[in-house]
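S.K.: Take a look at this one; I'll ask things after.
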């Protein structure tokens, strides 16, 4: 078991910079997710940890051992690939045994035919078969051992790929979007299984995904990456509740956080769409700001009251337990979304104006540079938005 | 033209032509192979298996089979190995891969007959550039010593090169011991680039993640990864390339007809050339047809072998 | 890898490939070089690539009774004029273009509707027809040249353009390739065309043909290269009539006509025959290699 440390890791392809100095400490036994849109550098980071790609500058340490010049196979890591990358010509059993054969047998023992003549090979092979079988039992894939990957379903291949990673008892598991090739229901089911597996093994997991739901549900901590930068690192709750960057705020959470245009004056008072908000900037600075409000923190009012936001209802998206109202608001580019319980908004009809208020203390304000700005405590003297 | 009938117009001409131009000739050849038919004669006699008896008894036909088989056994393994080797080298290059690819593919595009004539001239025993270069090397002391093996203390005359220097270099196409090898060399020169592009296509279809998985699993050297990933994944390409090369080299004709006409002493008397000589030039259509049938038999066997391998193990699903 | 770039390995790879490239390019180099040089330079292997280009006398020109000063010319001029005057090279080239283009056009006209029917229409006997196509794929046309030749002779077609073209009019391979391609075209496209009121006939030529352009291009490259370079079939069916000869056959006649020291003109003729395809190949390399790989079945 091991912790992994990245120090100022950069990666450039020619003049194109894909990683701009990543610092990351992954604790021993942690489930850490690297999440971000495609092209953000998360997969590159994982490949650099694995040793499949070399960083341009910076250091990678595994268990305090500098591994910059260590081959992938010597880093004591295992990887699960998006396509599973099972050897199609080998049976499941042979696939599971491959990492062990490579590690435990020497060159002569691996030779076809001739290898059988090397003394001691038989005992080693028996051990390897035993190890592979144990993993197969743990993953409940013993009946599949004789089959080839082409004869397996997506979920079964996924298990075999996990098994091939587990069989070596690696210090850490690296997973590159391992669930993205599964269908939706299986994906949800596998999330739970992976979490369980992580608990059982107690090993370090580094998990790459573009799916923020996977990151939120499984990780101990998540690292949100964008454009080659690590924007925020923290437990899922913290990242969701306290996004430090407007890009993080918009990426994490579904439906997206609503971003409304606002302005602050010299006193730090914020006005948004003509309303004055009940929280102001902690360090007043006049200028434009973006006000972020999650859909579940907006509450529909049965009728127009003072200091209400309003918008024209364009679409009611009914998910059964929840209902999303899509509103067109003057001065806002994207449609605002409100999460409500169906019975609460019976009266709202498409095409009509809907009034709503924001829950106090829930708004997150970002400066023009996209960074979060601190707010004062709710102030009753200021008007409620 | 109604929709229900359209297919007749669409499929009809093709089916008719397939039957007349491909199926019928096979039966015509099969029938004529039991006759002594020749063009211009109004009648012919059924001669039973006489033509086949001749094919399997006369020494000139024994030479024909041996020339064809030797040619195939020379060209197929070497052009396949060179194709695979160059594809592996080219795909592992950092720069310049496209250039080599174009160069090696050039002979595939070029008119073989024209290039054969150039080779003939290059291999001309007296004015040809090949023997010119070889004999120029004789006068360079260290090169002569290296190539003749005399630097190892061997007698230079006992080596091929030393003997060539002292006496003369081969006549290539004019020497019955060298002619088939020389024709095969031209065949390899012409064909390996084709195999190369097929292998390159096969290599690009190997998922990159498999190589990375192999690296993670401990296949550290290029050779280990070749064994674990590349070679097994090239299975379908191998079957395909070998079958195609075999069928193509069985059909060798241009170089033989233009350069040796089956000689010297029938050492390059390959099947298609024999078929042409007997059937077209000498108007012995019975024996020519018998060669045709045997030739088709060979092609059928090769194809069945291919089908067997395709169905057996290289299908990964 | 962070492991230091293996420049030694790269160097070794380039050395091996360069050596191979020299052997591969040697005949092309010789062909071009000999087509430029005088007979004396060719025989003595001197003069580098282009030769000295000293004035030489054209013996045939003298024999024809021209004054000696009119028969002085540079070797390069001599070689190329001889190539076009001693043999009807231009005629050969035009024959080659006519034959290859005709073959390709007829192959498409026959194969495309058949491939469409096999992939998109349901009719009784479809599997039989497809089975026939697969079976015919096994028959190399070169192998059945003899019975075809007899059949053509029986209907009196040897020594005609038809003899050069007709046997190739059916390309089972083309049908197979097009069918595989059409299988990937969504049925919805055809249903939409039907709803728009198109007849099956116009679907083939106005809907399927345009969508099949990439596959047709690949097939066209394959077909043109094969038939421009084909020597065997013209050799079988064309005997003596020079007006019908295709470039390789013409070159072969040229070779047997000339006496030993006329390599210059012959190499000039070879250059003229080989170069069109080589140049097009170099300009559109990727397409060519794709086309040949895609159609690599024959």
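Residue numbers (this note's numbering), protein chains in the order written: chain A, 369 to 753; chain B, 47 to 363; chain C, 13 to 310.
Idealized CB from N, CA, C, for every residue including glycine.
Since this is a predicted model, take the numbers as computed values, not measurements.
(1) How about residue 108 of chain C and residue 258 of chain C: do their beta carbons lie closer than 7 angstroms?
(2) Does any residue of chain E have a CB that is nearer than 7 angstroms to the CB of residue 585 of chain A?
(3) Would you list, in chain order, the members of the stretch 171-192 of chain B that have their beta-carbon closer than 8 angstroms to a beta-carbon of chain C?
(4) With three or more beta-carbon pairs closer than 8 angstroms as the criterion, would you say the stretch 284-301 of chain B touches the stretch 344-359 of chain B?
(5) In the structure shown, what three-state DSSP assignment does residue 640 of chain A receive?
(6) Do you know offhand how far residue 480 of chain A's Cα is from residue 278 of chain B's?
(7) Cβ of residue 255 of chain B less than 7 angstroms from any chain A Cβ?
(8) Taking any Cβ of chain C, which residues in the stretch 107-120 of chain B have a Cβ under 9 angstroms from it, in chain order?
(9) Where DSSP assigns a beta bridge to residue 723 of chain A, which residues make up the other side?
(10) Please give the ranges of any alpha helix (DSSP H) in the stretch 572-604 of chain A, keeping only runs that are unbroken, at least 4 residues long and fully inside the region.
(11) Compare the C-beta of residue 248 of chain B against all C-beta atoms of chain A and say whether one is closer than 7 angstroms.
(12) How far does the beta strand (DSSP E) with residue 167 of chain B in it reach, from first residue to last?
(13) If you compare alpha carbons, which of C/47, C/37 and C/104 is closest to residue 250 of chain C?
(14) If you measure between the beta carbons of residue 314 of chain B and residue 229 of chain B, is that distance less than 7 angstroms?
(15) With 16 other CB atoms within 10 Å as the buried threshold, where does residue 110 of chain B fall?
(16) Helix, strand or coil: which one does DSSP assign to residue 239 of chain C?
(17) Mapping the DSSP letters down to three states, classify residue 709 of chain A as helix, strand or coil.
(18) Please classify residue 77 of chain B: is it buried, with 16 or more other beta-carbons within 10 angstroms of its beta-carbon, or exposed?
(19) So for residue 270 of chain B, helix, strand or coil by DSSP?
(20) Let me know if residue 749 of chain A comes out buried or exposed under the rule of 16 or more other beta-carbons within 10 Å of its beta-carbon.
(21) Between residue 440 of chain A and residue 262 of chain B, is the Cβ-Cβ spacing less than 7 angstroms?
(22) Cβ closer than 8 angstroms: which chain A residues qualify as neighbours of residue 265 of chain B?
(23) How would you list, in chain order, the residues of chain A whose beta-carbon sits under 9 angstroms from the beta-carbon of residue 367 of chain B?
(24) So, helix, strand or coil for residue 566 of chain A, using DSSP?
(25) Figure out for me which residue from A/450, A/492, A/583 and A/474 has the closest Cα to the Cα of residue 522 of chain A.
(26) Could you tell me which chain B residues have their CB closer than 9 angstroms to the CB of residue 96 of chain C, listed as they occur along the chain?
(27) Looking at chain A, which residues of the stretch 132-151 of chain B have a Cβ within less than 8 angstroms of any of its Cβ atoms?
(28) With a threshold of 7 angstroms between beta-carbons, can residue 207 of chain C be considered close to chain B, or not?
(29) At a Cβ cut of 8 angstroms, what residues of the stretch 239-254 of chain C count as close to chain B, listed as they run along the chain?
(30) The alpha helix (DSSP H) spanning residue 526 of chain A covers which residue range?
(31) Is the Cβ of residue 236 of chain B closer than 7 angstroms to any Cβ of chain C?
(32) So, are the CB atoms of residue 445 of chain A and residue 418 of chain A less than 7 angstroms apart?
(33) Counting only beta-carbon atoms, is residue 447 of chain A nearer than 7 angstroms to chain B?
(34) Please name the residues in the stretch 294-307 of chain C whose beta-carbon is closer than 8 angstroms to at least one beta-carbon of chain B, in chain order.
(35) Just checking my contact of residue 641 of chain A with residue 677 of chain A at CB under 8 angstroms: how many whole Å lie between their CB atoms?
(36) Does any C-beta atom of chain A lie closer than 7 angstroms to the C-beta of residue 259 of chain B?
M.R.: With the given structure in hand:
(1) yes
(2) Any reference to chain E falls outside this structure, whose protein chains are A, B and C.
(3) 173, 175 and 178
(4) yes
(5) strand
(6) 14 angstroms
(7) yes
(8) none
(9) A/669 and A/678
(10) 580-586
(11) no
(12) Residue 167 of chain B -> not in any beta strand (DSSP E); alpha helix (DSSP H) instead, spanning 158-168.
(13) C/104
(14) yes
(15) buried
(16) helix
(17) coil
(18) exposed
(19) helix
(20) Residue confidence is low: residue 749 of chain A scores 49 on pLDDT, short of 50, so the model does not pin down where it sits. No coordinate-derived value is stated.
(21) yes
(22) 441 and 470
(23) Residue 367 of chain B is absent from the model: chain B starts at 47 and stops at 363.
(24) helix
(25) A/450
(26) Chain B residues near residue 96 of chain C: none, gap ~16 angstroms exceeds 9 angstroms.
(27) none
(28) no
(29) 240, 241, 243, 244, 247 and 248
(30) 522-534
(31) no
(32) yes
(33) yes
(34) 294, 297, 300, 301, 304 and 305
(35) 6 angstroms
(36) yes
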